[in-house]
Ligand code: NAD
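Numbering (my numbering), first residue to last: 1 to 456.
Laid out in structure tokens, this is it:
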């Protein structure tokens, strides 16, 4: 099938590459010339395990093209995926300017029948706005030969496992309407996703608004589980219980399950924070408060400060003359994405209190330099107190303590003797509960986890 993907970010690039892998002829459009240049020169602009190979293989086979040519992109695909960003607006709502710009471009150039797929995470009702934007362009140029249907096909891939998630999805959600065009779109989407449904049906067909809502409901539920555990972890610290034992104890109940029950120093990334806010905002537009989600957001904002607070409790308010190591900058492992990462909050606090910091991340160093230069744009002196290191051990040299912010596998079994010998004082603040407090105590490391202050 001939497919166009609008936006070659995390979602668009993975969607395009994976659909090409299944034999489709895919044209990827982006407005960012530098991204398109990287892709056309055989590189990839993001870190995503396995993606580079899929892109290279399908480019070589001539099934995957990258371009900034809008007219050519609209002409190419019978199916047009909109996979552009939907960042939060100032009031927390999803900013739809990129989605609507993409829709207008389709309307300006399209002929014949097109299926328009909202892949971006967009608030309930957006498909109607996308339809209106396209129709307005068609009306303006009196394009009588053109018709279309907008379907909602939200994406559930996880950064860091995006290719695997796309190729082996738990479920595919598609919302379409029941007009003749909607039925035609249904038939097209059924054909496109048929390879995923060979062994058993994974597609949930529904109306468009329910599909749009499903994506927000999923992210809101996951964020709720995290904030719930974080709030309980903070209480566990006070009452002298171990949140890890509690996690096992409740996760074994099949009604609860083990996933997404990890306490830590807060969730980040490009999705949970903005999607929770956007759903709250949608509710407010309809005169309803989502009390639980408001609390989820507040708990998470506080939780991003939990490591900073533990550092202050241990070392005092004034951190001048103190030096800290940070392991992990990306918002989660296996990605270089630093959007809303907890590391940025901790780093800001340590630097603001006068400390110097040595940081290390297995893949996010380049992105960290870019992002922190923006965070500290008005304070170059502060940025000069951050040292970007080549290895985890390099970052530890003469540090008063180590703070772990991202649970990269490479951090799970360090050489503790070497770690102790490098640190000035053997103190670990573990924002992801990677180690056992008792083991740390046995090897002489002062250990501060999240919700792990067991009374012995
Ligand atoms: P991103 O910022 O990585 O990529 C968006 C891309 O769209 C950029 O390359 C940008 O240059 C391009 N773009 C913007 N306007 C354009 C236009 N008019 N025409 C062509 N290209 C344009 O974003 P992302 O992380 O891939 O997210 C995309 C959407 O998918 C968002 O709505 C997000 O919430 C959702 N989503 C993201 C994830 C994730 O893990 N990142 C998972 C599921 C859903």
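C-beta: ideal position from N, C-alpha, C; glycine also. Keep in mind it's a predicted model, so treat the numbers as computed, not measured.
Within the structure, which residues are defined as neighbours of the ligand NAD by a Cβ-heavy atom distance below 6 Å, reported in chain order?
6, 7, 8, 9, 10, 11, 12, 29, 30, 31, 32, 35, 83, 84, 85, 86, 98, 101, 102, 120, 121, 155, 157, 159, 270 and 271
Please identify the residue among 188, 227 and 262 whose C-alpha is closest to the C-alpha of residue 243. 262
Check your understanding: For residue 457, which residues of its own chain have a beta-carbon under 8 Å away from its beta-carbon, when the five flanking residues on both sides are left out?
Key -> The displayed coordinates of the chain run from 1 to 456. Any statement about residue 457 would go beyond what the structure contains.
Q.
I want to know whether the region 23-40 touches the region 52-64 - three or more CB-CB distances under 8 Å.
A. yes
_Looking at residue 75: is its Cβ nearer than 8 Å to the Cβ of residue 109?_
yes
query = Taking three-plus beta-carbon pairs below 8 Å as touching, is the region 124-137 in contact with the region 101-115?
reply = yes
Stretch-stretch touch, CB-based, cutoff 8 Å, three pairs: the region 164-180 with the region 79-95
no
Going by beta carbon distance, what residues of the same chain come within less than 6 Å of residue 68, once the five residues before and after it are set aside? 33 and 36
- Whose CA, out of 87, 354 and 165, lies closest to the CA of residue 381? 354
Quick test of the definition: if touching needs 3 or more C-beta pairs under 8 Å, does the region 277-296 touch the region 362-381? no
### Task
Sort out for me which residues DSSP pairs residue 323 with in a bridge.
356
Query - Nearest-angstrom Cα separation, counted from residue 80 out to residue 124 - result: 20 Å
Check whether the region 221-229 and the region 264-284 are in contact - that is, three or more C-beta pairs closer than 8 Å.
yes
- Task: Look at the Cβ atom of residue 150, then the Cβ atom of residue 120, and state whether they are nearer than 8 Å.
- Result: no
Q: State the start and end residues of the unbroken alpha helix (DSSP H) segment that holds residue 224.
A: 208-239
Notebook entry, point to check: Thinking C-beta only, is residue 64 closer than 8 Å to residue 18?
Noted result: no
CB contact flag (residue 85, residue 98, <8 Å): yes
- Residue ranges of each beta strand (DSSP E) within the region 60-147, 3 or longer: 64-67, 79-82 and 113-118
Compute the Euclidean distance between the alpha carbons of residue 373 and residue 383, then round it to the nearest angstrom. 7 Å
What distance in whole Å lies between the Cβ atoms of residue 440 and residue 450, which are believed to be in contact at a cut-off of 8 Å? Not a contact, Cβ separation roughly 14 Å.
Exercise for review: Check each candidate in 88, 11 and 1 and name the one with the smallest Cα separation from residue 280.
Suggested key: 88
* Assigned secondary structure, residue 243 (DSSP; H/G/I helix, E/B strand, else coil) -> helix
**OP:** Starting from residue 15, trace the alpha helix (DSSP H) both ways and give me its first and last residue.
**Re:** 10-21
| message | Below 8 Å on the Cβ atoms is my contact criterion, and I expect residue 257 with residue 249 to pass it. Report the Cβ-Cβ distance as a whole number of Å. | response | Rounded, the Cβ-Cβ distance is 13 Å, inconsistent with contact.
- Message: Tell me the rounded alpha-carbon separation between residue 294 and residue 300.
- Response: 10 Å
Close-in-space but distant-in-sequence residues of the same chain around residue 210 (CB under 8 Å, 5 per side omitted): 175
**Message:** Does residue 348 come out as helix, strand or coil in the three-state DSSP assignment?
**Reply:** helix
* Measuring alpha carbon to alpha carbon, tell me which of 349, 114 and 239 ends up nearest residue 189. => 114
Between the C-alpha atoms of residue 410 and residue 360, what's the straight-line distance to the nearest angstrom? 11 Å
- Query: So is residue 333 buried or exposed if we call it buried at 16+ other beta carbons inside 10 Å?
  - Reply: buried
**Report entry** Inter-stretch contact (C-beta, 8 Å, three-pair minimum) for the region 389-402 and the region 413-428
**Finding:** yes
task: Could you please give the first and the last residue of the uninterrupted alpha helix (DSSP H) stretch that includes residue 188?
output: 180-192
If you follow the beta strand (DSSP E) that residue 292 is part of, which residue opens it and which one closes it? Element bounds for residue 292: not the beta strand (DSSP E) but the alpha helix (DSSP H), 291-303.
query = I think residue 310 touches residue 448, with their Cβ atoms under 8 Å apart; what is that distance to the nearest whole Å?
reply = 5 Å
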